[in-house]
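One structure is given here, and the rest of the page talks about it.
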């Protein structure tokens with residue numbers, strides 16, 4: 004998709020335009036060369052020119068802005084180094100500075116954090132978020148990681164096999180996921196079951212696991228139910244408070260600072276670490292995962308991929 | 002029993018190693034012998050004097066002049082041609098690659114007769130050339146054409162490999178940074194492929210200096226006109242073996258220098274490339 008915007012790949016159909024400047028139009032036969040499109044492309048592995056210094060890399064697209072950009076990204080002291088001598092985070096900053104040297108109208112980032120190890124990744128993600136915020140430039144980021152997308156983007160488009168499943172804010176995707184894939188992408192739990200509409204609104208769902216829950220939204224037939232991990236409370240058996248309660252045996256507990264991820268049956272709950280201690284939770288215990296009817300979000304199940312599917 | 006078998010196997014292993022070492026020794030001796038003989042037989046003290054002979058100086062001038070022109074031509078045509086083949090996928094590409102490599106396996110005498118058949122008086126283009134007032138066979142241009150035919154494939158083949166080894170993402174990046182195709186070629190592809198181009202050039206240059214068969218058929222051996230150093234050796238052989246040996250020593254020094262620069266170039270390439278796996282290419286000398 005980014006390669007199509009930048010002019011490195013020619014799509015079979017469609018139209019690409021920036022404001023009223025048409026870059027590509029299959030029907031009208033318009034296809035501008037990459038150097039005639041005002042894009043700043045940051046490649047996945049950064050694609051820095053190995054034979055040029057950091058300064059020459061940044062100056063490649065625009066010598067005038069190079070000193071200022073080197074200063075701004077804190078890489079002025081590396082100006083004479085070759086890309087091969089830089090760390091992952093430094094390479095990314097050089098790649099960003101180089102892409103911006105052309106003063107592009109659009110910034111394209113291809114998996115900007117994929118080349119980094121887990122430790123660097125979080126720091127660079129925060130840094131990148133600050134930079135993008137400051138640049139206030141239209142930016143398209145391609146990523147497979149929902150946390151990266153949530154941290155960097157105002158709007159997220161979920162693309163599966165080349166087709167757009169949902170376009171919306173982070174809140175849209177979490178609150179109103181379009182389908183089961185989006186649920187999985189945002190890291191929410193997905194349960195499946197058979198729904199029966201209730202006379203007073205909402206629906207009752209017989210989960211495949213055997214439990215019966217209610218949703219606030221109406222539903223009927225085979226449906227998926229999405230529940231975010233942080234909206235699930237864990238209680239000991241018998242402690243249900245009238246809300247939805249799904250029993251499950253704890254198989255894993257992962258502490259991550261203040262929060263703990265507890266896998267109980269088919270669900271993952273994210274609860275305060277204090278709760279784990281207070282209830283004495285440990286693998287092998289049976290608990291009830293409870294959540295409100297409003298938090299049980301009904302989503303359409305994606306059609307199973309047929310043998311002759313596209 | 003097992004122990005004895007172990008010893009036998011050990012002995013057999015030693016025997017095989019010895020056999021390999023023997024084979025290597027024989028081969029090296031055979032390969033080095035002519036060079037050693039050349040240097041011991043040649044009147045080393047007299048070499049400057051012998052090389053000062055008029056015929057030798059003429060041959061040296063012809064060799065340098067024709068090779069210089071041929072090199073300029075195959076570098077000028079071969080580099081863009083190789084970049085085209087390396088960066089594009091088109092129908093008949095495999096055929097193009099085969100045609101480029103054909104002169105490498107063709108006997109030089111066949112190349113000479115082929116050139117004569119194409120550009121000679123009764124040849125394919127002979128009449129047209131004659132009408133235009135151009136006579137190629139047995140002129141210095143014939144020497145240049147013969148060198149071009151036999152030597153340029155060494156360069157072009159190596160240049161294609163060198164350009165293919167340049168990461169296409171880098172040239173894509175250059176395009177998105179506003180560089181035209183020409184600037185991308187000059188600033189990115191050419192410097193990144195420089196090592197491979199240089200290595201190919203060294204091989205082609207060496208082949209051109211050593212050219213004999215195609216030249217003697219297509220250009221003849223006219224003193225001061227088409228007689229190169231290798232042709233001069235052949236002609237002088239009967240009259241003055243010492244002069245022939247002296248030219249031989251000169252060419253050994255020249256070839257040794259070429260081989261050394263090829264090795265240095267390869268070493269320099271592997272030390273400057275950031276990612277040997279991606280940019281490292283080694284065109285084989287044997288090609």
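Chains as they are written, first to last, in the numbering used here: chain Z, 4 to 313; chain Y, 2 to 288.
C-beta atoms are modelled at their ideal positions from N, C-alpha and C, and glycine is treated no differently.
Bear in mind the structure is a predicted one, so any value in this text is a computation, not a measurement.
query, result
"Secondary structure of residue 289 of chain Z, DSSP reduced to three states", "strand"
"Opposing strand residues paired with residue 262 of chain Z [DSSP bridges]", "Z/259 and Z/275"
"Interface partners of residue 179 of chain Y on chain Z, CB under 7 Å", "38, 64 and 105"
"Interface flag, residue 21 of chain Z vs chain Y, CB-CB below 8 Å", "no"
"Close Cβ partners of residue 79 of chain Z (< 8 Å) along its chain, the five nearest in sequence each way excluded", "70 and 73"
"Three-state secondary structure assigned by DSSP to residue 24 of chain Z", "strand"
"Proximity of residue 248 of chain Y and residue 233 of chain Y at Cβ, strictly below 8 Å", "yes"
"Closer than 9 Å at the beta carbon, the chain Y residues around residue 94 of chain Z", "Neighbours of residue 94 of chain Z on chain Y: none; closest Cβ ~11 Å, over 9 Å."
"Residue 241 of chain Z versus residue 265 of chain Z: straight-line alpha-carbon distance, rounded", "19 Å"
"Closest by C-alpha distance to residue 114 of chain Z, when choosing among Z/4, Z/295 and Z/301", "Z/4"
"C-beta atoms of residue 175 of chain Y and residue 185 of chain Y nearer than 8 Å", "yes"
"Proximal residues of chain Y, C-beta to C-beta of residue 3 of chain Z below 8 Å", "Because chain Z spans 4 through 313 in this model, residue 3 of chain Z falls outside it and cannot be assessed."
"Test: residue 138 of chain Y CB closer than 8 Å to a CB of chain Z", "no"
"Below-8 Å beta-carbon distance, residue 101 of chain Z vs any chain Y residue", "yes"
"Secondary structure of residue 262 of chain Y, DSSP reduced to three states", "helix"
"Ranges of the beta strand (DSSP E) found wholly within the stretch 27-114 of chain Y, counting only runs of at least 3", "none"
"Straight-line gap, residue 6 of chain Z to residue 107 of chain Z (C-alpha atoms, nearest Å)", "15 Å"
"Residue 193 of chain Z - DSSP class collapsed to helix/strand/coil", "strand"
"Closest Cα partner of residue 210 of chain Y within the set Y/246, Y/182 and Y/62", "Y/62"
"Residue 230 of chain Y to residue 34 of chain Y span [Cα, whole Å]", "22 Å"
"Neighbourhood of residue 142 of chain Z by C-beta, 6 Å cutoff - its chain only, sequence neighbours within 5 removed", "110 and 135"
"Chain Z within 8 Å of residue 276 of chain Y, Cβ atoms only", "At residue 276 of chain Y the pLDDT is 41, less than 50, meaning the model places this residue with poor confidence and gives no usable figure here."
"Proximity of residue 121 of chain Y and residue 138 of chain Y at Cβ, strictly below 8 Å", "yes"
"Residue 87 of chain Y at chain Z interface by Cβ criterion, 8 Å", "no"
"Neighbourhood of residue 64 of chain Y by C-beta distance below 6 Å, restricted to the same chain and skipping five residues each side", "229 and 230"
"Paired residues, beta bridge with residue 209 of chain Z - DSSP", "Z/197 and Z/215"
"Contacts of residue 9 of chain Z in chain Y (Cβ-Cβ under 9 Å)", "173, 176 and 177"
"Neighbour flag for residue 44 of chain Z against chain Y, beta carbons, 8 Å", "yes"
"Cβ-heavy atom distance, residue 57 of chain Z to the ligand SAH, below 7 Å", "Judged by which ligands are present, the structure shown has none, so any question about the ligand SAH falls away."
"8 Å Cβ cutoff met for residue 92 of chain Z and residue 119 of chain Z", "yes"
"Span of the alpha helix (DSSP H), counted from its first residue to its last, around residue 61 of chain Z", "57-62"
"Best match in Y/39, Y/201 and Y/53 for proximity to residue 1 of chain Y [C-alpha to C-alpha]", "Outside the shown range of chain Y (2 to 288) lies residue 1 of chain Y, about which nothing can therefore be said."
"Chain Z contacts from the stretch 73-86 of chain Y (Cβ-Cβ distance under 9 Å)", "none"
"Identified DSSP bridge partners for residue 248 of chain Z", "Z/293"
"For residue 135 of chain Y, the three-state DSSP class (helix, strand or coil)", "coil"
"Beta-carbon spacing of residue 128 of chain Z, residue 156 of chain Z below 8 Å", "no"
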